[in-house]
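Asks:
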Amino acid sequence: MDSYIKEFTEHLDNITKDVLDEAHDGSSADKKLAMYGRILMDQAVTTKDDALSNMMAKVGDALTRYNTTFGARSLEELCKKTDTTPNIIKKLLAFAEKIHMTKGALNKDQSDGGLDDEGDDEFTQASDDEMAALADKAAMRKMRK
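What the sequence shown shows, in the working numbering, is residues 415 to 559, in sequence order.
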């Protein structure tokens, strides 16, 4: 059992190593982790499950301080400071990244004119075929009565 846990932990370390190791360089990875931390803290406010909300806030806060004077400098330290497992941190990072990607895609669509709030495009209007089908149904109902 101990070897399984060790193997599992090493595997998770390898998965998160790229993001966490890049942060030591003082590169944009520090900013990325801090951004993910802020996303997690924002999501914690709207999460109804108190335990999950607290975990998201705690991990988010620790991510904003990653590689700073009093912050964690490795995945192991991050786990100790947040009192959580590498698997949970990995899942929360993936969750924050997914939200970031979704917001980025929405912002790009908005700037490209893809999000139209006018409501007068071809997709909100019934097509001629749909209108004919509705008229046929109404006529059939009238004939049955």
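All C-beta atoms in this analysis are idealised placements derived from N, C-alpha and C, irrespective of residue type, glycine included.
Does the distance from the C-beta atom of L477 to that of G451 stay below 9 Å?
Replies: Remark: C-beta atoms of L477 and G451 approach each other more closely than 9 Å.
Asks: What residue does the alpha helix (DSSP H) around N468 start on, and which one ends it?
Replies: 464-478
Asks: Under three-state DSSP, which class holds A486?
Replies: coil
Asks: Write down the C-beta distance between M455 and A471 rounded to the nearest angstrom, noting that I regard them as a contact closer than 8 Å.
Replies: 5 Å
Asks: Nearest to D446 by CA position, among D463, N481, K551, is which residue?
Replies: In the sequence under discussion, the amino acid at residue 446 is Lys, which differs from the Asp named in the question. It is N481 whose Cα lies nearest to the Cα of K446.
Asks: What residue range is occupied by the uninterrupted alpha helix (DSSP H) comprising D456?
Replies: 442-460
Asks: Can you find the residues in the same chain that come closer than 7 Å, C-beta to C-beta, to Y511, ignoring five residues on each side of it along the sequence?
Replies: The identity of residue 511 in the sequence shown is Glu, whereas the question assumes Tyr. Contacts found: Y450.
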